[in-house]
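Undergrad: So the sequence lines, in the order shown, correspond to chains A and B. The numbers in the first sequence follow numbering that gives the first Met the number 0, run straight up by one, and end at 227. The numbers in the second sequence follow numbering that gives the first Met the number 0, run straight up by one, and end at 835.
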Amino acid sequence: MVYELIDVSKTYRVGERDVAALRGVSLRLDAGELVAIVGPSGSGKSTLLNLLGLLDRPSAGTLCLDGVDVAGLDEKEAADLRLRQIGFIFQAFNLLASLRAWENVAVPAVLAGRRLGAVRSQCVELLARVGLADRADHFPSQLSGGQMQRVAIARALLLEPQVILADEPTGNLDSASGEEVVGLLRKVAADTGRTVVIVTHDPQIAAVAERQLTLRDGRLVDDARAAR
Amino acid sequence: MRGTTGFRLFHLRGLRVRPWRAVLMLLVVSTCVSLIVATATAFASLGRSAHDFARAVAGEAPLSVVGVSDAGLPTSLVQRVADVPGVDFAVPVMTVRVSVGDTEAVLIGVDASAVELSSDLEKEVDRVDVATLPPNGAVVGEALAKELDLTTNETVTVGTPRGTQAPVVVSALSRGAASAQLNGGRFILVSLPFAQQALQRPESVDTVYVGVTGERSVAEVTADLEQAVGAQALVTTPAHQGEQADRATRLTRDTALIIAALALLAGVFLIYTMCSATVAQRRRELLTLQVLGARRRRVARGFVAEIGLVALVGAVSGIVSGMAVGRTMIETLPPVILSAVDVDVAYRPDPWVVGAAGLVGVLAAIAAAVFAVRVDLNVPLAQAIRGTEDDSAATARRRPVLPVAAAALLLAGAGVSWAVGSFSTAMVLLAGGVIAALAAVPAPLARASSAVTSLLGRTGELAGRHATRHARRTWSVIMTIAVATAVSVAVQGSMSNLLTAANRSVASLGDTALFVQPVVAEGLPTDPVFDDRAVADLAAVEGVRQAVPGQLMPLSLEERSFMVQGAHDGSNTPAFRNATDQARESVTSGSAAILSRKASLALGIAAGDSLTLPSPTGPHAVRVAEVVDYPTLNDGQIVISLANLQQWYARPGASFVEILTEEGAVVTQVAGRVRDLAAARTSATVYVEPGQEVLGALRSSIEQASMLAQTSQWMIVLVAALGVFNVMMMTVLARRRELGVLRAIGGRGSAIRRMILTEAAGYTLIGLVIGAGLGVLLHYSANDLVGASMALTVRFAPVAQSLASALLACLVVIAGALIPAWRASRLDPATVLAEE
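Here it is in structure tokens:
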């Protein structure tokens, strides 16, 4: 078991009133699972992803990562855990424009204190795994959307985290590129035993996942597992 | 981010991708540091030049005994000084600025005792053996010899301040490091008797340098020396002249430094807007690093280090350009300021001052970056995923420190005003309080700007919305403009008030038809080159109604440097004429003195008090009849009767003569006759200057001194214009999509251009109103400051020029938005929308 959420709620203060983004969500996520979180806008998908990514803290309930309660971690501890245990993939790719593709992949290693030159071959190898061996020295502006997202996937894999969290990873891609990216994520989950969590609006993408969590009005209304 | 790899990768690379903002920031820091370095080092060079020369002459001698006036001290005192218990050596020295051919140098007269000094002078004396020099033989410094192409055994003529000429034979040429230390190698070293003879002061020397044995302390020896020399001389340190020069220029320098500091303040606001804009533009990138595992503090530190690095480069370039400007300033300083020292003024920047100025620039930029990071990067990490341009979340935090600081400064202002009666300090505190108060309310200020912009026509309504979306940035650019406007209003206002006061206080100079003196109109005639017969002959020239003799004489009193004026009945010199008839009568009768306001403050005495003047003939007490307005750069002017000055200081004759013409006389014709006669009656070079010209020279000296302030003022305006340019450029970049949509739905390029300019006009108008208010407070304080600096009562009077200057400043600032507006109007909607 990677994640365990028990009765997790999240409330935001908007002006003079409290808005409940998540209401009493309980669930477990296991290693090697490819999970899709679906639901209409405002259902709490992004809030749940932020909590799983330790970008935010629950207002109530227990959130455990790898058996450790992480709800009360301070900013430094959360940052260290994100660096080692969680890989992120964003809808807008969030690559650093001034860095080449392989350097973007190397960012987590640099944040972990390693020298750039020491991880170059590893980064190029990861880029080759995502089909970008010939684009290692390109800047983001020289890559297509699908290629940029593949660089982001390589970046998420570099430090071999337990979990990959992807927020609408195909939202800015054409359908062909989107399928490629989802195929890659599925392969990551299957080949490496990592937990991959995808937030998506797209039913076709969600259908690829072996487990679908459906949220509505901040509540977990369905937890469906597809037959393999 | 650990180590340099992260910094290089995430920050230095970013600078390469977005160089224009780094260059802009670099320019701002460079400009501010340049102003501070130029001002601080140029003025300090005067004191350092005098100080370095004194050190090169005196070496390690801890004490010096100097004459209270430029007549020096009697040679009889030298032995009395040497006899004081604990005195190791007493070396008499003459140092006088003389003319040699077309140039100037310092004449140094010493005797064999100079070998006692462990100094550069002693090395020269030892090397040449001054005792063996022929009676009119001299050692000539390398730089002077090179300039005049002098060779050994050649004869050169030295012109003394008293107008006499003395032929000197070049016995030896000086070379090497020691020579260069003595006035940059521009000196003539002669025997003491020859110097005394050439200067027509056979029984006096300028300074006696005193060494102290280890048996007694310097303080004990000083006390005994003071007793031994009495009122005839002043016991001080060799650094005395440098300190006097520093004091003479301190207030002028401080005024310029305050303006430079204000430029830095405007620079800090501008750097903040740039940092804020940079953070906004790179927020997603910086937050992404945090999401990927970088700690917030490390990301913030990296950003601040990035700004610090840019500021460091800016500071270094500012130091280089500031030193170049400082060197130029030295060459263009008014003669009246340069006359504070008797040696060549070389540009000698103090490394500590230069380093401190650079450090101030870097720290100011770092402070602005820290503030920007705290305010603008303080957003939830989740925004990295969705991305946002709105900084409302970033500005939501309240900082109680600002209102507290505002309240404290406002209260302090009121308290000082009430308790001490120092209105100028109160005004500065109030201005600080207003700035702090405004810092606490960025959102209302942004709303005010939005409201004002909305009033500026149809496009204004749309343009005004943007101000509230970036409240802190809006606040910052408004404050930049406000500071620029405040400085414009204050500098223009106080300079105008100062010139009015100065013109009023020296206007009587114009009533004298001609001044006959041994210096040009800009100089101070201190050498009594005209004897009584010459004055009588001048009075008899056709067309002359009266020839009024007068003298100026430097005097050291209580470690300060004054100018004593010997006045004669009928004189139109301002320090004399500005007094009442009664005061003038008591001065010419010999019983009283008139003091300039600065002298009164320096000595701590007022009208009715008694003033004791030291002199070679003993102390003389006079009553202070009146304190008058008269601008001086030294510690002030003391007017006594000419007869007293001649007698007390053994200075017969006059150092200048005022010519009052008969009614109907043609002044130019009289001038010709006077020139011919005066030239015949003295060996000195004589200048006959119309009173109006002397008045004009004095006024232009004052105006020249105010030029630095006015130049600095426009530098600040330029900084504000850069601020608006930066913010509007950011606006255009951040709103590309919005502007593209406006173009797509039919908005014309001209309408977009108007919208950007209207937004800039909104910022500027609010900044103008705040700045004008602050400017009036600063104007009031600046009047006090320049009034103290020039020893004048500078009355506060708002002037139209201030407003015109502020409006012009605003136009310059709005012009900063022209390029961004043009760029916005040229956006291609299809390209922009495709990008998104």
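Note that beta-carbon positions come from the ideal geometry of N, C-alpha and C, so glycine has one too. Computed from a prediction, not measured in an experiment: that's the story for all the values here.
Does chain A have any CB closer than 7 Å to the CB of B/Val16?
TA: Taking Cβ atoms only, chain A reaches closer than 7 Å to B/Val16, which makes this a yes.
Undergrad: B/Asn633: which of B/Ala642, B/Ala605, B/Leu556, B/Val518 sits nearest, CA to CA?
TA: That would be B/Leu556, whose Cα lies nearest to the Cα of B/Asn633.
Undergrad: Alpha helix (DSSP H) containing B/His50: first to last residue?
TA: Taken as a continuous stretch (DSSP letters only), the alpha helix (DSSP H) holding B/His50 covers 18-57.
Undergrad: Buried or exposed for A/Asp17, going by 16 or more other Cβ atoms inside 10 Å?
TA: Burial call: exposed.
Undergrad: My understanding is that A/Leu51 touches A/Leu219, with C-beta atoms under 8 Å, so please give their C-beta distance in whole angstroms.
TA: Contact flag wrong, Cβ pair sits at about 13 Å.
Undergrad: Below 8 Å on the Cβ atoms is my contact criterion, and I expect B/Pro613 with B/Ala230 to pass it. Report the Cβ-Cβ distance as a whole number of Å.
TA: Yes, they are in contact, since the Cβ atoms of B/Pro613 and B/Ala230 sit about 4 Å apart, within 8 Å.
Undergrad: DSSP three-state call for B/Val656: helix, strand or coil?
TA: DSSP places B/Val656 in strand when its eight states are reduced to three.
Undergrad: Please list, in chain order, all residues of the same chain as B/Pro524 whose beta carbon is under 7 Å from its beta carbon, the five residues on each side excluded.
TA: Excluding positions up to five away in sequence, the list reads Gln516, Pro517, Val518, Leu551, Ser654, Phe655.
Undergrad: For the region 273-291 of chain B against the region 469-481 of chain B, are there 3 or more C-beta pairs whose distance is under 8 Å?
TA: Touching, yes, given that three or more Cβ pairs across the two stretches are closer than 8 Å.
Undergrad: With a threshold of 7 Å between beta carbons, is B/Val298 in contact with chain A?
TA: For B/Val298, the answer is no, since every Cβ of chain A falls outside 7 Å of its Cβ.
Undergrad: Is the distance from the Cβ of A/Asp166 to the Cβ of A/Gln90 below 7 Å?
TA: In contact: A/Asp166 and A/Gln90 (Cβ atoms closer than 7 Å).
Undergrad: Look up A/Asp222 in the DSSP assignment and say whether it is helix, strand or coil.
TA: DSSP places A/Asp222 in strand when its eight states are reduced to three.
Undergrad: What are the uninterrupted segments assigned as beta strand (DSSP E) that are 3 or more residues long and contained completely in the region 477-535 of chain B, given in chain order?
TA: For the region 477-535 of chain B, whole beta strand (DSSP E) runs of length 3 or above, ordered along the chain, are 513-516.
Undergrad: Does any residue of chain B have a CB that is nearer than 7 Å to the CB of A/Ser140?
TA: False, the Cβ-Cβ gap to chain B never drops below 7 Å.
Undergrad: By the DSSP assignment, the alpha helix (DSSP H) with B/Glu688 in it spans what residues?
TA: Per DSSP, B/Glu688 belongs to no alpha helix (DSSP H); it is in the beta strand (DSSP E), 686-689.
Undergrad: Does any CB atom of chain A fall closer than 7 Å to the CB of B/Thr287?
TA: For B/Thr287, the answer is yes, since a Cβ of chain A falls inside 7 Å of its Cβ.
Undergrad: Please confirm if B/Gly746 has its CB atom under 7 Å from at least one CB of chain A.
TA: It does not; no Cβ of chain A falls within 7 Å.
Undergrad: Taking the C-alpha atoms as reference points, what is the distance between B/Ala642 and B/Ser780?
TA: Straight-line Cα distance between these residues: approximately 41 Å.
Undergrad: Check the DSSP bridge columns for B/Thr572 and list the partner residues they point to.
TA: B/Thr572 pairs with nothing; no bridge assigned.
Undergrad: Looking at the structure shown, is B/Phe193 part of a helix, part of a strand, or coil, going by DSSP?
TA: Of the three classes helix, strand and coil, the one that applies to B/Phe193 here is helix, per DSSP.
Undergrad: Is it buried or exposed for B/Arg283, if we count other Cβ within 10 angstroms and need 16 for buried?
TA: That one is buried.
Undergrad: Provide the residue span of the alpha helix (DSSP H) that contains A/Pro61, from first to last.
TA: It should be noted that the sequence gives Thr, not Pro, for residue 61 of chain A. Premise fails: A/Thr61 lies in the beta strand (DSSP E), 59-64, not in any alpha helix (DSSP H).
Undergrad: Run through chain B and tell me which residues come within less than 7 Å of A/Ser97, C-beta to C-beta.
TA: By Cβ distance, chain B contributes Arg12, Gly13, Arg15, Val16.
Undergrad: Mapping the DSSP letters down to three states, classify A/Gln90 as helix, strand or coil.
TA: Correct three-state label for A/Gln90: coil.
Undergrad: Could you name the residues of chain B that A/Pro107 contacts, counting a contact when the two beta carbons are closer than 7 Å?
TA: Correct list: Leu291, Gly292.
Undergrad: With contact counted as at least three CB pairs below 8 Å, one residue from each stretch, are the region 140-152 of chain A and the region 110-120 of chain A in contact?
TA: As far as the Cβ criterion goes, the region 140-152 of chain A does not touch the region 110-120 of chain A, which means the pair count is below three.
Undergrad: Please state if the CB of B/Glu202 and the CB of B/Thr892 are separated by a distance shorter than 7 Å.
TA: Residue 892 of chain B is absent from the model: chain B starts at 0 and stops at 835.
Undergrad: Check whether the region 30-50 of chain B touches the region 102-113 of chain B, counting contact only when three or more Cβ pairs, one atom from each stretch, lie closer than 8 Å.
TA: The region 30-50 of chain B is not in contact with the region 102-113 of chain B.
Undergrad: Could you compute how far the alpha carbon of B/Ser48 sits from the alpha carbon of B/Arg54?
TA: About 10 Å.
Undergrad: Compare the C-beta of A/Phe92 against all C-beta atoms of chain B and say whether one is closer than 7 Å.
TA: So no, A/Phe92 is outside the interface.
Undergrad: Return the chain-ordered ranges of every beta strand (DSSP E) run that is complete within the region 121-183 of chain A and spans a minimum of 3 residues.
TA: As far as the region 121-183 of chain A is concerned, its whole beta strand (DSSP E) runs of at least 3 residues are 162-166.
Undergrad: Have a look at the DSSP bridge pairing and note the partners of A/Thr213.
TA: A/Val37, A/Asp221.
Undergrad: Of all the options B/Val627, B/Gly663, B/Leu776, which has the alpha carbon lying nearest to the alpha carbon of B/Ala578?
TA: Minimum Cα distance to B/Ala578 is reached at B/Val627.
Undergrad: Identify the continuous alpha helix (DSSP H) that holds B/Ala227 and give its terminal residues.
TA: Unbroken alpha helix (DSSP H) run through B/Ala227: 217-228.
Undergrad: Helix, strand or coil for A/Tyr11? Go by DSSP, reduced to three states.
TA: The answer is strand: DSSP assigns A/Tyr11 an E or B state.
Undergrad: When DSSP builds the beta bridges, which residues end up paired with A/Tyr2?
TA: Partner(s): A/Leu28, A/Leu64.
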